[in-house]
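Reading the sequence shown from the start, the letters are residues 1 to 496 in our numbering. Ideal Cβ positions, reconstructed from N, Cα and C, are used throughout, including at glycine. Quantities reported herein were computed from a predicted structural model and do not represent experimental measurements.
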Amino acid sequence: MAKTYLNLIGGQLVAARTGKTFSNINPARREDVVGEFQASGAEDVDLAVKAAAEAFKTWRLTPAPRRGEILLRAGQLLQERKEQYARDMTREMGKVLVETRGDVQEAIDCALYMAGEGRRLFGHTTPSELQNKFAMTVRMPVGVCGMITPWNFPMAIPSWKLLAALVCGNTCVIKPANDTPLSTINLAQALVDAGLPAGVLNVVTGSGAKVGTALVEHPLVRAISFTGSSEVGRTVGQAAAGLYKPCSLEMGGKNAMIVMDDANLDLALDGALWGAFGTTGQRCTATSRIIVHRAVAKEFTEKLAARARALKVGDGLDEQVQMGPQVNAAQIETSTQYCTIAREEGAQIVTGGHALTEGAFAQGHFFAATVVAGVKPKMRIAQEEVFGPVVSVLECGGFDEAIEIANDIPYGLSTAIYTRNVNLAFRAMRDLEAGITYVNAPTIGAEVHLPFGGVKQTGNGHREGGIGAIEFFSTWKSVYVDYSDKLQRAQIDTGE
Ligand code: NAD
């Protein structure tokens with residue numbers, strides 16, 4: 001009998017008012033039910049938001065260094081529990097253990113960074129234009145923050161949002177993706193065990209349409225932070241805009257890696273394999289287009305296909321396995337459809353292109369590592385996010401054409417270039433339209449202390465990670481202190 005997990009509201013573990021639950025299934029073995037989780041509704045969101053609003057009254061007054069110390073303890077607890085939490089994550093979403101350990105590590109890194117931020121949260125002091133007057137800026141918390149997260153980085157992404165929000169003095173209500181509620185609950189447990197006061201963090205599980213919408217629309221929620229698809233992000237962003245709520249949107253990607261003819265080809269192959277098939281291609285930063293110089297395209301494509309074919313696919317809990325399942329049947333369907341689209345558009349599937357259904361694969365949602373060649377820039381396979389282990393190879397005649405192809409998409413998250421020419425590397429850093437550019441490294445591998453996010457349909461101008469997250473989860477207050485004992489009028493009195 002699978003364990004039933006409850007919502008965290010006001011420091012209590014409680015069942016949803018709806019009385020309903022949903023099952024969290026292991027995508028590598030469908031008969032393995034990871035747990036039953038609360039299928040919450042608007043009433044549960046209301047209770048959680050009210051608990052957060054109540055807790056805000058005291059949390060905002062807790063000195064930021066003290067808030068940071070709780071995050072530090074949470075980071076230490078995550079370190080102690082890393083292996084268990086990584087195993088839970090592999091079981092609920094499939095990616096291999098080495099990667100889920102990395103996902104937990106990202107939350108640990110974030111806790112360490114944000115703990116230190118408790119002793120920074122710097123504002124500015126600046127001269128006043130008037131005599132005997134003092135001017136400064138201070139960072140204030142925003143209030144109750146609502147967070148909606150996807151399943152592909154089920155602890156890392158919630159940690160980017162929660163830990164930044166908490167250190168700034170906000171209280172939070174988070175709704176994790178239905179495929180991965182356990183990892184968010186594990187993160188919340190570490191924070192509670194580290195001493196986070198009741199109501200400061202609330203977790204409400206359930207459907208996006210019901211719980212997500214209620215959270216965005218709740219009048220006591222002052223800011224929304226969303227990570228997920230561009231399609232849902234647009235809905236969330238429009239709803240938040242109508243309510244004048246600040247809203248951070250981190251969305252899809254169609255990330256390009258450029259391989260020039262002078263590149264270290266073996267290095268580029270290592271990067272392509274990791275970038276395209278890490279997390280089974282289900283990263284927002286996944287390498288999904290490889291733009292290769294014509295002079296090396298044939299050799300590169302053949303070698304990439306051979307290495308993709310040799311990848312060991314299976315249950316991510318097996319340490320030998322290099323690529324786990326996709327998260328659910330819908331993702332398999334999407335990957336299958338895009339391979340059909342690619343064929344119809346005239347591209348060639350060099351390897352893969354189908355679900356894996358034989359033997360042990362029949363128990364889960366597996367898809368073969370797929371390389372598509374002969375892809376042209378305007379094909380749908382080159383323009384739309386697949387979010388599966390399907391990588392397209394496009395040929396180019398030189399650097400300028402490569403940049404043009406790379407930029408000719410609606411997204412702008414991550415990019416990479418492999419070259420030994422320092423001039424081209426610097427031009428790529430300048431000219432690639434994306435929030436992130438790697439040189440001689442794949443499109444994946446962000447570190448928590450640098451801003452993370454993208455341009456165009458990937459994001460709406462905000463950033464996660466490091467100081468970018470602090471910017472979103474705090475609001476500036478300008479403070480003037482007049483110690484002249486007389487009325488002084490800015491812009492009017494010149495001062496003496
Ligand atoms: P999704 O958009 O389907 O869901 C994201 C979250 O939104 C989930 O918690 C979901 O329940 C919720 N949701 C769904 N409908 C909603 C609604 N109407 N109102 C409010 N919330 C709603 O995305 P997903 O399938 O979970 O994740 C994959 C997507 O996330 C990909 O497009 C990927 O590129 C993107 N992603 C982006 C980043 C980034 O930082 N840019 C990081 C990871 C994933």
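- Item | DSSP state of Thr137 mapped onto helix, strand, coil | strand
- Message: Output needed for Cys110: all residues of its chain with C-beta closer than 7 Å, excluding positions within five of it in sequence on either side, in chain order.
- Response: Ser159, Trp160, Leu163 and Val448
- Query: Which whole runs of the beta strand (DSSP E) in the segment 370-395 are 3 residues long or more, in chain order?
  - Reply: Listed in chain order, the complete beta strand (DSSP E) runs (minimum 3 residues) inside the segment 370-395 are 370-373.
- Query: For Arg67, which residues of its own chain have a beta-carbon under 8 Å away from its beta-carbon, when the five flanking residues on both sides are left out?
  - Reply: Once the five neighbours on either side are set aside, the close Cβ partners of Arg67 are Trp59, Gly118, Leu166, Val167 and Gly169.
- Per-residue DSSP class, three states only, for Asn423: helix
- Task: For the segment 33-86, list the alpha helix (DSSP H) runs that are entirely contained and at least 4 residues long, ordered along the chain.
- Result: 42-59 and 64-80
- Message: Between the alpha carbons of Pro389 and Gly454, how many angstroms are there, rounded?
- Response: 22 Å
- Query: Would you call the CB atoms of Glu433 and Asn407 closer than 7 Å?
  - Reply: Yes. Within cutoff.
- May I ask which residues mark the beginning and end of the beta strand (DSSP E) holding Cys172? Thr171 to Lys175
- Should Asn7 be labelled buried (16 or more other beta-carbon atoms within 10 Å of its own) or exposed? Answer is buried; the Cβ neighbour count reaches 16.
- Task: Alpha carbon to alpha carbon, how far is Gly445 from Ser225? Give it in angstroms, no decimals.
- Result: 22 Å
- Is Ala159 near ligand 1, judged by its Cβ being under 6 Å from some heavy atom? Reading the sequence as shown, one finds Ser at residue 159 and not Ala. No; taking the cut-off as 6 Å, the Cβ of Ser159 has no heavy atom of ligand 1 nearer than that.
- From Leu172 to Leu249, what distance separates their C-alpha atoms? Note on identity: in this sequence residue 172 is Cys, with Leu being the wrong assignment. Approximately 17 Å between the Cα atoms of the pair.
- Mapping DSSP to helix, strand and coil, what is Ala337? Per the sequence shown, residue 337 should be read as Gln rather than Ala. Residue state, collapsed to three classes: helix.
- Check each candidate in Ile9, Gln12, Ala52 and Lys3 and name the one with the smallest Cα separation from Asp32. Lys3
- Task: Compute the Euclidean distance between the alpha carbons of Gly199 and Asn264, then round it to the nearest angstrom.
- Result: Going by the C-alpha atoms only, they are around 53 Å apart.
- Using DSSP with H/G/I as helix, E/B as strand and the rest coil, what is Ile25? strand
- Query: How should Lys456 be labelled, buried or exposed, when 16 other C-beta atoms within 10 angstroms of its C-beta is the threshold for buried?
  - Reply: buried
- Task: Tell me whether Thr126 is buried or exposed, calling it buried when 16 or more other Cβ atoms sit within 10 Å of its Cβ.
- Result: exposed
- Item | Rounded Cβ spacing between Tyr85 and Met155 (contact assumed at less than 8 Å) | Contact annotation, Tyr85 with Met155: C-beta distance approximately 7 Å; criterion of less than 8 Å satisfied.
- Distance cut-off 6 Å: Cys284 Cβ against heavy atoms of ligand 1: yes
- Query: By Cβ distance below 7 Å, which residues in the same chain neighbour Thr227 in space, the five residues on each side in sequence not counted?
  - Reply: Thr149, Pro150, Ile157 and Glu250
- Would you report the Cα separation of Thr285 and Ser40, rounded to the nearest angstrom? Their Cα atoms are separated by approximately 31 Å.
- Ranges of the beta strand (DSSP E) found wholly within the segment 173-223, counting only runs of at least 3: 201-203
- With C-beta atoms as the reference, is Arg222 less than 7 Å away from Val144? Taking 7 Å as the Cβ cut-off, Arg222 and Val144 qualify as a contacting pair.
- Message: Following a CB-centred definition, is Val232 positioned closer than 6 Å to any heavy atom of ligand 1?
- Response: yes
- Message: Give me the residue from Thr205, Arg380, Thr100 and Asp270 with the minimum Cα distance to Met257.
- Response: Asp270
- Item | Contact check, Asp179 vs Met260, beta carbons under 7 Å | no
- Message: I'd like the list of long-range same chain contacts for Asp46, defined as Cβ closer than 8 Å, with 5 residues on each side in sequence excluded.
- Response: Ala214 and His218
- Alpha carbon of Arg281 to alpha carbon of Phe387, nearest angstrom: Note that residue 281 corresponds to Gly in the displayed sequence, not to Arg. Computed Cα separation, rounded: 6 Å.
- Provide the residue span of the beta strand (DSSP E) that contains Ala416, from first to last. Ser414 to Tyr418
- Check whether the segment 49-65 touches the segment 188-203, counting contact only when three or more Cβ pairs, one atom from each stretch, lie closer than 8 Å. yes
- Message: Buried or exposed for Phe277, going by 16 or more other Cβ atoms inside 10 Å?
- Response: The residue is buried, with at least 16 neighbouring Cβ atoms inside 10 Å.
- Query: Going by alpha carbons, who is nearest to Glu345 out of Thr336, Ile381 and Gln326?
  - Reply: Here the closest residue by C-alpha is Ile381.
- Task: Can you tell me which of Gly11, Ala297 and Val96 puts its alpha carbon nearest to the alpha carbon of Phe366?
- Result: Checking every option, the nearest Cα to that of Phe366 belongs to Val96.
- Straight-line CA distance for Met114 to Leu71? 7 Å
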